Amino acid sequence: MPLSALRRATFLCLVLIAPAAPARAQDIFATPFMGVKFGGGTSIVDLEIAAGRLAFTMGGSIVILGDGILGYEADFGYVPRYFERDSSLPLIKPGSYVLDLSGGLIAALPAGVTRGGLRPYVVAGVGLIHAQAADLLEVFVIRRTVPGYKLGVGAQGLLTNNVGVRFDLRHIRSFTGDDGSLARVGRRISYSRLTIGLLLRL
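Once you know that position 167 of the sequence shown is 1093 in my numbering, the rest is easy, because the numbers rise by one and skip nothing.
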């Protein structure tokens, strides 16, 4: 076999057995956030009818996202005093709260389209919602964890190479509902949150 043909055959074999080129590197973003929880409701015992009021919320998320469309997110939210109102005659012991923890997919406008500006996105995830509260006499002591989901929209963008901002609107809701049976009473919870976060590229 001529040397040139041998070289071509060797090159072709190397191309065929070589692994595919690695995917474009994904960036990892950490975002502590804070904002307001609003709306929603619950079938859990709510003595002060506080579930639908405005309340402070905070949390954090980790997002893995490159310049393309799809990425991944782990999200944690905390709503202190979920079952409490500012009242001179409280019925609930201080310290009630709701936690939500989820993992999901995020779909963002490609970085090449936004050219360094805010990247709008939609996000969907599933996870757990935990509620905890007790009345002053501890007749109703609530510690409940139910499966739930999150749906949201937002926009994020870097202001420097590694620091930016994220705006997020999200609805959180339990999968479980109340169908009238005792086994399922007090398992519905839902609320929305509007937050702003500090976007940190790790």
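Note that the Cβ used here is the ideal one computed from N, Cα and C, for glycine as well. Just so it is clear, the structure is predicted and the values come from calculations on it, not from any experiment.
| Item | Value |
| --- | --- |
| Looking at the structure shown, is residue 1039 part of a helix, part of a strand, or coil, going by DSSP? | helix |
| Please state whether DSSP places residue 1022 in a helix, a strand or coil. | coil |
| So does residue 1065 have its beta carbon nearer than 7 Å to some heavy atom of the ligand NAP? | Although the ligand NAP was asked about, the structure shown includes no ligands whatsoever. |
| Could you pull the DSSP bridge partners for residue 1121 from this structure? | 961, 1094 |
| State the Cα-Cα distance for the pair residue 1124 and residue 1080, rounded to the nearest angstrom. | 13 Å |
| Answer with buried or exposed for residue 1128, where buried requires no fewer than 16 other C-beta atoms within 10 angstroms of its C-beta. | exposed |
| Which residues mark the beginning and the end of the beta strand (DSSP E) in which residue 990 is found? | 981-991 |
| Pick helix, strand or coil for residue 1010, following the three-state DSSP scheme. | coil |
| Could you compute how far the alpha carbon of residue 1113 sits from the alpha carbon of residue 985? | 23 Å |
| So, with DSSP's three-state summary, where would you put residue 1180? | Residue 1180 lies beyond the range of the chain shown here (927 to 1128); nothing can be said about it. |
| Give the straight-line distance between the Cα atoms of residue 1069 and residue 966, rounded to the nearest whole angstrom. | 19 Å |
| Quick test of the definition: if touching needs 3 or more C-beta pairs under 8 Å, does the segment 993-1001 touch the segment 1015-1024? | no |
| Terminal residues of the continuous beta strand (DSSP E) containing residue 1049? | 1045-1060 |
| Work out the CA separation of residue 1040 and residue 1048 for me, nearest whole Å. | 15 Å |
| Taking residue 1076 and residue 1051 to be in contact with their CB atoms under 8 Å, please state how far apart those CB atoms are, rounded to whole angstroms. | 5 Å |
| Got a sec? Which residues, its chain only, sit under 7 Å from residue 1043 by beta carbon, not counting five neighbours each side? | 1083 |
| Pop quiz: residue 1002 and residue 987 are said to be a contact at Cβ under 8 Å. What is the actual Cβ separation, rounded to whole angstroms? | 7 Å |
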